[in-house]
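Engineer: Below you'll find the structure I mean.
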Amino acid sequence: MVRYLFAISIGWFLCGTSVSPIRNLRSTFDDLKAQKGLVYTPEEEAQHLARFEEDLKAQAEFISTEDVAELYDETRPAIMQSFVDEINSKQKTWTASIEQGRFKTFSLHDAKRLCGTLLEAASGLTKKVYAPEELKDLPTDFDARSGFPKCSGVIGHIRDQSACGSCWAFGPTEAFNDRLCIKSDGNYTALLSAGEMNACAPSLGCEGGCGRGGGCMTQGSQLAEITLLRER
């Protein structure tokens, strides 16, 4: 009996907070759902549960409770009706919608894969402080397309990076394109190629550019300038 209890104690010590959630999938899912306070539609919950189960089966039989919680977060739908309702209740300038094409079936992990630029910390920058009189005439809203009508076609152009994690290429290209048009007073309206810039990192172009899980914003800005020089 003593040996038996000792064996149980040793087993608990070795396992620590590891669990085998796949054996109690539904209860594990429901516990995490209650902890996170997520509100699903029936379709969203079924989608999340299926993705959660699929990814759990790919893990070792025993994983830590922290990893289970992280997996729950990563496998939830990226767009949920409760999020859409909350966004629309807090602002009236645009209307969010659950109907977002292929993104409707994306998990949070899928969506994060399309982002992930690594920002390098800036140093030596002095924060500018504005006097109250300089701010009193600021408009309540500003639309750059109306503010710079000669460049409305450039500023308002919507690009689609599809399933390629290349925001590191699209972001700097779009910003540089807008600024170039504005600076030229609308004389330069050609669209710079984010695809050409993305091709500068052929091995990781769709995986963040210069490193797994994230691109380099400073390198993206430099490549935008190179892209411009090639296209002029």
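Under this note's numbering, the first residue of the sequence shown carries the number 1376, and numbering increases by one thereafter. Where a beta carbon is used, it is the ideal one built from N, C-alpha and C, also for glycine. In this text the structure is predicted, and so the values were computed from the model without any measurement.
1) Out of 1546, 1536, 1556, which has the shortest C-alpha to C-alpha gap to residue 1520?
2) DSSP three-state call for residue 1401: helix, strand or coil?
3) Cutting at 7 Å between CB atoms, please list the residues of its own chain near residue 1407, excluding the five before and the five after it.
4) Per DSSP, what are the beta-bridge partners of residue 1462 in this structure?
5) Mapping the DSSP letters down to three states, classify residue 1469 as helix, strand or coil.
6) Helix, strand or coil for residue 1537, going by three-state DSSP, please let me know.
7) Can you check whether the CB of residue 1488 is closer than 8 Å to the CB of residue 1540?
8) Is DSSP giving residue 1514 helix, strand or coil here?
9) Quick one: what does DSSP say residue 1586 is sitting in, helix, strand or coil?
10) Considering Cα atoms alone, identify which of 1549, 1479, 1465 is closest to residue 1535.
11) Going by DSSP in three states, residue 1438 sits in which element: helix, strand or coil?
12) Along the chain, where does the alpha helix (DSSP H) that runs through residue 1558 open and close?
13) Have a look at residue 1464 and residue 1436 and give me their C-alpha separation to the nearest angstrom.
Structural biologist: Straight from the coordinates:
1) Measuring from the Cα of residue 1520, the nearest candidate turns out to be 1556.
2) The answer is helix: DSSP assigns residue 1401 an H, G or I state.
3) Non-local beta-carbon contacts of residue 1407 in its own chain, meaning distances under 7 Å to residues more than five positions away in sequence, involve 1444, 1447 in chain order.
4) Bridge partners of residue 1462: none, in fact.
5) The answer is coil: DSSP assigns residue 1469 none of H, G, I, E or B.
6) Residue state, collapsed to three classes: coil.
7) With respect to the 8 Å criterion, residue 1540 and residue 1488 are classified as neighbours on the basis of their beta carbons.
8) Coil at residue 1514, not helix or strand.
9) Caution is warranted here: a pLDDT of 49 is assigned to residue 1586, below 50, making its placement in the model unreliable, and the coordinate value is therefore given only provisionally. In this structure, residue 1586 counts as coil in the three-state DSSP scheme.
10) Residue 1549 is the option with its Cα nearest to residue 1535.
11) Looking at residue 1438 - three-state DSSP - the assignment turns out to be strand.
12) 1542-1558 is the span of the alpha helix (DSSP H), which, as asked, contains residue 1558.
13) Distance between the alpha carbons of residue 1464 and residue 1436 is about 42 Å.
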